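K.L.:
First, the structure itself, so that you have it in front of you.
Residue numbers (the working numbering), protein chains in the order written: chain A, 8 to 451; chain B, 1136 to 1608.
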């Protein structure tokens, strides 16, 4: 695994070969393993080790990037030369800023040896627990158990030096019955926190509770979205909180910043330092990430900015930029939505008639300004009547404006670290929402 | 073979990529990358193991092989039965995909200049608020060696190019793309693709349509006869035929992420998937054209093949691997195992899953339609995890009245159930309207792999389809 000392050595080599006006180097190494199971057996089991070096060169008001995964002198020299050559081929960019000067970063500890050292045998033993839970009720289990470690360094010729190490683990499981399915997933930098047995049991109970799902009429329903469903919807909204997206009028917040567009009970911030969050404390240019309150009492209050976007929009950078050069500018990647105290069970008990949704699938944007999204429910959708979960229902398609949805939140649960399939991990609560729009039903 | 393996294969790859993009008159991304490494896949104790490394020293390769075997032995702790593969012959071959103009030899300045010309044309249209254009080049050099004795060298060059005009006005963002959305057109060929696309020549029209959409009527909700342009038919084939025919999905191994398939085994040879005029093939052979799914051998050393999938409306074929073919009693894989790169295992992936053309041009089809809607260029796509219920939106549509294309419609969408939809197909345009479209970014697997797939398609008509579904309710 890349160490800070090794990263500094590599950067010195890059500088030795670079004749650019300014030079930046990013380097990383990763060791990642994933054990995949289905039909109650392990069917794929993989491990990879890799590294890369990416050099950005500046020639006047022009910049470009070249990357390699070879670390011999010749390859490093070629990457440095290629970046400069690519930069020189372009017309000048009047908006290009000098590279940032050295910064100071608040420490975050997201690296655990126990996760990095997890063996294939240990993962297989854990998978056996999930399979045993499936077989206890004649279910079929499918899922993954992954673990890995990575290290990342970013240096520039003005003296900026940033380094981050982290580990990540994930256990997700789908339990399948003849007519139903259930799902559960958790990620953590610390594999010991995953509790595969509890996740397998949760997925199994969802599958068993939705046997022979009944078809219900689409239309507007009260829904209780479990955190994974909330996350996957919100993931489509927060790209729009980038300064450049608003500047270029491709954001749904164009002409809406400062307006109350969500309900009073919606509070969202970007906070890489939240104890349940992950990621580095610096952005793609090495700027320190700052906490930013994005939504306050339903008002779209603040955006995040890279250095370049901040200059264009006469404000300060917030440390959310992507590595340069890029088209996208920046985005908040450490979303924390404030929750409340209600549990999903309490939400169900307070619901006269509605649906409980475990997760959503294949979400796509239908309308970029109204922020209408379409997608399907999946792996555990239940009908609620008179405060009780009554039975499973066939999966439904929704067409729902996420802006409108956040104006219809009736109850918020406790926020938790959440992982879905359509977006990056967030800290979000389960939500009870009125008048969620379902447009059609599928056949299972 | 050491380490107790009963089967082993190694893929060594070197992938070079160049990506160039412009935005509103300036270069946006100019980057180049090179990645090399190898992946070792083995069967030991009757189970699979895979390890990948970019350390291509003798010691690095030995370590990867030992890790792959160790992982296989761990897999065996949870096996129900030993992995079985259908037989395959030893192949020793070299193949290079045709590439007339090496895109890595085209000066970057010339490519950027072309993109900036497109950009200028787009922004010449008043009301265009954002212009984006890009080119993407990839060269994949691969050596596959297996314990069957196979040694297969393949070299492919892939090129993509396209652009979009975005217009914000009032309370709407509208967009038009060319020649397709989400990156444009992609094929396994060189820079000649860029030259064939007439990028600059189409830019003014594309910009004007993006702006005109703001004045267009909303696509109505209801039931209508619809015509899809070739690129949208290609995506429809991808989502509602290409994915459900993947035999690994059918057998449940993608159940946790990508999902399963409604095409359960008893449906092979019995399901009336589509109307009688619909014929669909999965064809990876170079004879099919320079698709993103064209190769000589797949990533487990099986030769490229042409497999009938839907024959006169009847479902007749899956996409298979050596392992899944064995699981369903077939005698040979039809060669669709593909890996994103050296650090990923091969999975069953679409090759070129194409709709066979029939006759006539788009204008003929419009003239033959009394009352309908013509949809062009995908904007959104979604389908359930067994591939029944789908909904697509396109960037633009036009009303058809009395056999003529009339007013423009904005925010068009349509949806349905896969087999009902394909059984409603009553016209497919001919070879002169057929294009081998390329999708560069199909996602599948854990860890996620993206893959390029090809879809030959021409415009087609479908009767009594639900339209306007995305905005109803």
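Even glycine gets a Cβ: it sits at the ideal position worked out from N, Cα and C. Fair warning: this is a prediction, and the values are worked out from it, not measured in the lab.
1) I think residue 259/A touches residue 375/A, with their Cβ atoms under 8 Å apart; what is that distance to the nearest whole Å?
2) When the Cβ atoms of the segment 241–259 of chain A are set against those of the segment 322–340 of chain A, are three or more pairs found closer than 8 Å?
3) Taking the continuous alpha helix (DSSP H) assigned at residue 327/A, which residues delimit it?
4) Leaving aside the five residues before and after residue 1447/B along the sequence, list all residues of the same chain whose C-beta is less than 6 Å from its C-beta, in chain order.
5) Run down chain B in chain order and give the residues with a C-beta less than 7 Å from the C-beta of residue 44/A.
6) If you count every other CB in all the chains shown that lies within 10 Å of the CB of residue 412/A, and 16 or more means buried, which is it?
7) Mapping DSSP to helix, strand and coil, what is residue 1419/B?
8) At which residue ranges does the segment 1411–1470 of chain B contain complete alpha helix (DSSP H) runs of 4 or more residues, listed in the order of the chain?
9) Where DSSP assigns a beta bridge to residue 118/A, which residues make up the other side?
10) Measure from the C-beta of residue 1225/B to each C-beta in chain A and report whether the shortest distance is under 9 Å.
11) Could you list which residues in chain B have their beta carbon closer than 7 Å to that of residue 375/A, in chain order?
12) Closer than 8 Å, Cβ to Cβ, to anything on chain A: give me those residues from the segment 1523–1539 of chain B, in chain order.
13) What are the boundary residues of the beta strand (DSSP E) that residue 50/A is part of?
14) Quick one: what does DSSP say residue 1221/B is sitting in, helix, strand or coil?
15) Is the segment 1514–1525 of chain B touching the segment 382–402 of chain A, taking contact as three or more C-beta pairs under 8 Å?
16) With a cut-off of 8 Å on the beta carbons, I'd call residue 1424/B and residue 1588/B a contact; round off their distance for me.
17) Give the residues from the segment 363–374 of chain A that approach chain B closer than 8 Å (Cβ to any Cβ), ordered along the chain.
18) Should residue 1604/B be flagged as near chain A, meaning a C-beta pair shorter than 9 Å?
19) Of all the residues that make up the segment 1289–1319 of chain B, which are near chain A by a beta-carbon distance shorter than 7 Å?
20) Going along the chain, which residues of the segment 118–143 of chain A sit with their C-beta nearer than 9 Å to a C-beta in chain B?
21) Could you check which residue in 1274/B, 1184/B, 1317/B, 1234/B has the C-alpha nearest to that of residue 1421/B?
22) Could you spell out the range, first to last residue, of the alpha helix (DSSP H) harbouring residue 1236/B?
23) For residue 1516/B, return the contacting residues in chain A, with the cut-off set at a CB-CB distance below 7 Å.
24) How big is the Cα-Cα spacing for residue 1152/B and residue 21/A?
25) Taking 9 Å as the threshold (C-beta atoms), are residue 66/A and residue 476/A in contact?
26) Identify the contact partners of residue 446/A in chain B, using a Cβ-Cβ distance below 9 Å as the criterion.
27) Closest Cβ-Cβ distance between residue 1402/B and chain A: below 9 Å?
28) Using CA atoms only, rank isn't needed, just tell me which of 1594/B, 1297/B, 1291/B is closest to residue 1476/B.
29) Using a Cβ distance threshold of 8 Å, determine whether the segment 1581–1599 of chain B contacts the segment 1468–1482 of chain B, with at least three qualifying pairs required.
30) Return the CA-CA distance between residue 1208/B and residue 1179/B, expressed in angstroms with no decimal places.
31) How about residue 1372/B: is its C-beta nearer than 9 Å to some C-beta of chain A?
32) Does the CB of residue 54/A have a neighbour CB from chain B at under 9 Å?
33) Within 10 angstroms of the Cβ of residue 173/A, are there 16 or more other Cβ atoms? Answer buried if so, exposed if not.
34) Where does the unbroken beta strand (DSSP E) through residue 444/A begin, and where does it stop?
35) Let me know the secondary structure DSSP gives residue 164/A once reduced to three states.
36) Going along chain A in order, which residues have a C-beta closer than 8 Å to the C-beta of residue 1172/B?
P.N.:
Straight from the coordinates:
1) Your numbering for residue 259/A matches position 252 in the first chain. Your numbering for residue 375/A matches position 368 in the first chain. Confirmed, Cβ separation roughly 6 Å.
2) yes
3) On the first chain, residue 327/A is found 320 positions in, with the first residue counted as 1. Here residue 327/A belongs to no alpha helix (DSSP H), and DSSP marks it neither H nor E.
4) Residue numbering aside, residue 1447/B sits at position 312 when the second chain is read from its first letter. Excluding positions up to five away in sequence, the list reads 1411.
5) Counted from its first residue, the first chain places residue 44/A at position 37. By Cβ distance, chain B contributes 1213.
6) Start at 1 with the first residue of the first chain, and residue 412/A comes out as number 405. Under this definition residue 412/A is a buried residue.
7) As a position in the second chain, residue 1419/B is number 284, starting the count at 1. Coil.
8) 1457–1462
9) Here residue 118/A is taken as the residue at index 111 of the first chain, counted from 1. Answer by DSSP bridge pairing: none, since residue 118/A is not bridged.
10) Here residue 1225/B corresponds to residue number 90 of the second chain, with the count starting at 1. For residue 1225/B, the answer is no, since every Cβ of chain A falls outside 9 Å of its Cβ.
11) As a first step, residue 375/A is located in the first chain; it is residue number 368 there, counting from the start. Within chain B, the residues near residue 375/A are 1308.
12) 1523, 1524, 1526, 1528
13) Counted from its first residue, the first chain places residue 50/A at position 43. 48–66 is the extent of the beta strand (DSSP E) around residue 50/A.
14) Taking the second chain and counting its residues from 1, the one referred to as residue 1221/B is at position 86. DSSP places residue 1221/B in coil when its eight states are reduced to three.
15) yes
16) What you label residue 1424/B is simply residue 289 of the second chain in a count that begins at 1. What you label residue 1588/B is simply residue 453 of the second chain in a count that begins at 1. Rounded, the Cβ-Cβ distance is 13 Å, inconsistent with contact.
17) 368, 369, 370, 371, 372, 373, 374
18) On the second chain, residue 1604/B is found 469 positions in, with the first residue counted as 1. With 9 Å as the cut-off, residue 1604/B counts as an interface residue toward chain A.
19) 1301, 1303, 1306, 1307, 1308
20) 126, 127, 128, 129, 130, 131, 132, 134, 135, 138
21) Position 286 of the second chain, counted from the start, is the residue given in the question as residue 1421/B. Out of 1274/B, 1184/B, 1317/B, 1234/B, 1234/B has the C-alpha closest to the C-alpha of residue 1421/B.
22) For the purposes of this step, residue 1236/B is taken as the residue at position 101 of the second chain. Premise fails: residue 1236/B is in no alpha helix (DSSP H) and is neither H nor E.
23) Position 381 of the second chain, counting from 1, holds the residue named residue 1516/B. What residue 1516/B touches in chain A: 371.
24) Along the second chain, one-based indexing puts residue 1152/B at 17. Along the first chain, one-based indexing puts residue 21/A at 14. Taking the straight line from one Cα to the other gives about 21 Å.
25) Residue 476/A is absent from the structure shown; chain A starts at 8 and stops at 451.
26) Sequence index remark: in the first chain, residue 446/A carries index 439 (1-based). The answer, in chain order, is 1526, 1550, 1604, 1605, 1607, 1608.
27) For the purposes of this step, residue 1402/B is identified with residue 267 of the second chain, where counting begins at 1. No, because no Cβ of chain A sits closer than 9 Å to the Cβ of residue 1402/B.
28) Position 341 of the second chain, counted from the first residue, corresponds to residue 1476/B. Ranking 1594/B, 1297/B, 1291/B by Cα distance to residue 1476/B puts 1291/B first.
29) yes
30) One-based indexing of the second chain puts residue 1208/B at position 73. One-based indexing of the second chain puts residue 1179/B at position 44. If you take the alpha carbons of residue 1208/B and residue 1179/B, they lie about 6 Å apart.
31) As a working note, residue 1372/B is residue 237 in the second chain. Not closer than 9 Å to any Cβ of chain A, the Cβ of residue 1372/B fails to qualify, so no.
32) Taking the first residue of the first chain as position 1, residue 54/A is located at position 47. It does: the Cβ of residue 54/A has a partner Cβ on chain B nearer than 9 Å.
33) Residue mapping note: residue 173/A aligns to position 166 of the first chain, counting from 1. It counts as buried.
34) Taking the first residue of the first chain as 1, we reach residue 444/A at position 437. First-last of the beta strand (DSSP E) with residue 444/A: 438–448.
35) Along the first chain, one-based indexing puts residue 164/A at 157. Reduced to three states, the DSSP call for residue 164/A is coil.
36) The residue you call residue 1172/B lines up with position 37 of the second chain. Result: 57, 76.
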